[in-house]
Each structure stands twice: as structure tokens, then as C-alpha cells.
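Trainee:
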Amino acid sequence: MNQLFVGIDVGSRGNTAYLMRPDGEKHSNFTVQNNRGGAKILIDKIVSALTTMGLEQVVIGMEATGIYGDILVYALREDGALGRFQRKVHVLNPKQVSKFKESYSDLPKNDDVDAFVIADKLRFGRITKEVYMDDYRYKALQTLTKARFYAVQDLTREKQRFANYLFLKCSGLAQDKDIANSSATTIALMKRFETVDDSVNQAMAVCTATMRALEKQIKVLDKQIEQIFAVLPNTLTSVPGIGKVYSAGIIAEIGDINRFQSQASVAKYAGLVWKQHQSGEFEAQNTRLIKSGNRFLRYYLLEAANSVRRCDSEFRRYYDLKYKQVNKYQHKRALALTARKLVRLVFRLLKEGRNYIPPEG
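Position 210 of the sequence shown, counted from 1, bears residue number 206 in the working numbering, the numbering being contiguous throughout.
#1: Please work out which residues of its chain come closer than 6 angstroms, Cβ to Cβ, to Y14, disregarding the five sequence neighbours upstream and downstream, and give them in chain order.
#2: Use the C-beta contact count for T141: other C-beta atoms within 10 angstroms, 16 or more gives buried, fewer gives exposed.
#3: Quick check on DSSP: helix, strand or coil for L103?
#4: So who's on the other strand from L0, going by DSSP bridges?
#5: For H86, count the other beta carbons within 10 Å of its own beta carbon; 16 or more makes it buried, fewer makes it exposed. Which is it?
#6: Specify the secondary structure class of T48 as computed by DSSP and reduced to three states.
#7: Compute the beta-carbon to beta-carbon distance between Y296 and Y242, rounded to the nearest angstrom, for a pair I have assumed lies under 8 angstroms.
#8: May I ask you to verify whether the stretch 220 to 239 touches the stretch 298 to 305, counting CB pairs closer than 8 angstroms and requiring at least 3?
#9: I need the boundaries of the beta strand (DSSP E) containing N197, first residue and last residue.
#10: Which whole-angstrom value is the C-beta distance of T334 and K324, which I expect to be below 8 angstroms?
#11: Among residues of its own chain, excluding the 5 on either side of Q213, which ones have a beta-carbon nearer than 8 angstroms to its beta-carbon?
#12: Considering only C-alpha positions, which residue in the set I247, K271, E74 and N89 is nearest to R83?
#13: Out of curiosity, what's the CA-to-CA distance linking V43 and N160?
#14: Is the beta carbon of F256 sitting closer than 7 angstroms to the one on A244?
#15: From V6 to F292, what does the alpha carbon distance come to, in whole angstroms?
#16: Closest to S234 by CA distance: which of A332, L346 and K215 is it?
#17: What is the DSSP secondary structure of V432, reduced to helix, strand or coil?
#18: Can the beta-carbon of T231 be found closer than 7 angstroms to that of R153?
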């Protein structure tokens, strides 16, 4: 099948494109600015190449680079001139491209080469369907759920800093496992204490103010997330414990469930897959999760699983079972396995468009 293959190396300032003929030979390569004007120039060159070679199909690919590639992808999918041709746009996992690049020897490291490798990956790779999520509602929701993720991470770090200062001020209280180091009670209590070193008080006051500000931001984000999420069809909120925010975080990253062939592909996309450690008849019981995967989806699945296991009897039994199977990392392991079980349920509910029916008893 005669197709034009276009590999694009996306940068914050410029996008380098490599246009490859159906036989693998170079047609052209160039760099344009990463803005709407640059995207228009790139599209015009692609259309010109298709017209000159008499081709009707084009396959375009780029690595996932967060927000830097969004403008370009929108333009590629919406441009009327390019719309006259059969087009596919793939946003590839950087790990896929990196592994494919290893098959080449002595390649220099520059933007032109990276664009070439992406184009050749499209020509040889087993990419059966577009993987980009193009629904604007999901993208808008994704912007908010990612912002919430970062706010929660900042809050967690701030709480840890507060705990460190608390140890300096009152090590006995900090070591008490029954007292939350960043609870409202602890913060109020600390204000009544005096310390020889006023710097600790100052630092704790800054931490307290920062934590309250972050908590306020998270509440604002939750409200905005719920407003956008209200217009998206979903059945995940029927699962006890997930709620609107966690459901929104999951759906924002999954998008249209039909992008995935199976629940296993969703789990792999989220990074809820374990490395296999086996030799002969020996198979390790403690194995690590793969390092790749969508960290935002993994975060919301883990948070949802932690909430669901408290509210649903089936998930609670499963979590308890996995918790008791090992002597270390009990909660972390059990929660990850519970999240993996939740993936199967999420996939089925979204695929079938039905609500969750809790088990009896």
C-alpha cells in the first residue's frame, strides 16, 4: 500500500519533520516553528508531497511530549486540505521509538535523525490504529485532573516537610504513630508551644500556610472537574468509593475505551504490569511494576482502588487476601493488585456502558 510516512520530532520551539516515500527513501526534511503558523507550513508541505507523488494516504507520527505536541495534533486532524487524504496520526510512546532506534547502529543524536527514526517506525512498526485521544472534552478534563495530581503531589511533599520540622520541635510527638503529623489538631497544638529555635516555628508556619493554600486549590479543582465531568457519559461513579473526581481522573486518561483492545492493554497503559522474574522452576514472589506507563492514570486508579476497597465487600476481601500473602510492602503490594483488579471492572463497565452491581453480602 503506497503511503507517505511523516516522522516529527516535537520541541518546545520547533518541530522537525522527515517525509519518507513508500519505499523508505527520503522525500524531504525541514524544521518549522511550534505554533499554528508552523503547523500550517508543515501541513502544506505534506499536502504538496502527496500531490506530487500521487498518493492518497499519509501516516504521521510523533513522540508523546505532553503539551508541546497538542497544537500540532489538532491542526493535523482538523486541516481541510489534509482532510482530502486518508490520514492517520499516531502519538507514540517514547520507549517504543527508543527501542526501535536501537536496531540502527552509529546514528548521530539530532532532531533530523529522530524524525527519520519515527518515520521508519511508522513504515515498519505494527501500529494498527490511531492512539491519540482527540475528543476536546477529554482534553479539557485531562488538563484539570493533571493539575490536581500536581497539587496533591505538592501537598504531600509539604506535609513531609512539616513532619520533619515537627521532629525538630517535638520528636516524641512526631514519633507517635497514633497522631497524624499534619492533622489540624497537631498544627493547632504546635502553635501553643515555644521553642528555643524560632526558625523552626517560622518554617512550620510557612508549611502550614502552604498546605492550607494547596488544600484550597484542590477543592477548587475538584469543583471544576465535577462540572466538566457532568457532560461526559460514564458508569464508573456507580462503583462505591470511586466518586466523581477519581472517575474523572481515570476517564480523562483513558478517553474512548474503544482505543483499547482489552483490559490488559489498559493495565499496561497505566503501568500496572509486573516484570517477570523466573529461572527454571523458580519464580520470584516479589516483582516490581514496570517503570513505563501513564503515571496520571496509575495514580487515579490506585487512589480509586484504595477508596473502593473500603466501600465494597468484594474488593475489601481481595485486598485483605493479598495483604496477608507477604511479610513486607503489604499495603503497597495489595493496593497495586487491587488497582489491577479494578482495571478489569473499569474496562467492562465502560465497554458495556452499564452500572456496577455490588456483590451480595
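Even glycine gets a Cβ: it sits at the ideal position worked out from N, Cα and C.
Mentor: So, from the listed chains and residues:
#1: These residues qualify, in order along the chain: G3, N25, A111, F112 and A115.
#2: Per the 10 Å Cβ criterion, buried.
#3: Residue state, collapsed to three classes: coil.
#4: Paired residue(s): V54.
#5: Classification for H86: buried.
#6: Taken through DSSP and simplified to helix, strand or coil, T48 comes out as helix.
#7: That belief holds up - the Cβ atoms of Y296 and Y242 are roughly 6 angstroms apart, short of 8 angstroms.
#8: Yes: at least three Cβ pairs fall under 8 angstroms.
#9: Not the beta strand (DSSP E): N197 falls in the alpha helix (DSSP H), residues D194 to F225.
#10: At roughly 17 angstroms, the Cβ-Cβ gap does not stay under 8 angstroms, so T334 and K324 are not in contact.
#11: The residues A147, in chain order, have a CB closer than 8 angstroms to that of Q213 in the same chain once the five nearest residues on each side in sequence are set aside.
#12: The shortest Cα separation from R83 among I247, K271, E74 and N89 belongs to E74.
#13: The C-alpha of N160 is placed about 60 angstroms away from the C-alpha of V43.
#14: Contact flag unset, no.
#15: The straight-line gap from Cα to Cα measures roughly 22 angstroms.
#16: Nearest option by C-alpha distance: L346.
#17: Any question about residue 432 goes unanswered here, given that the chain covers just -3 to 357.
#18: The answer is no: Cβ separation not under 7 angstroms.
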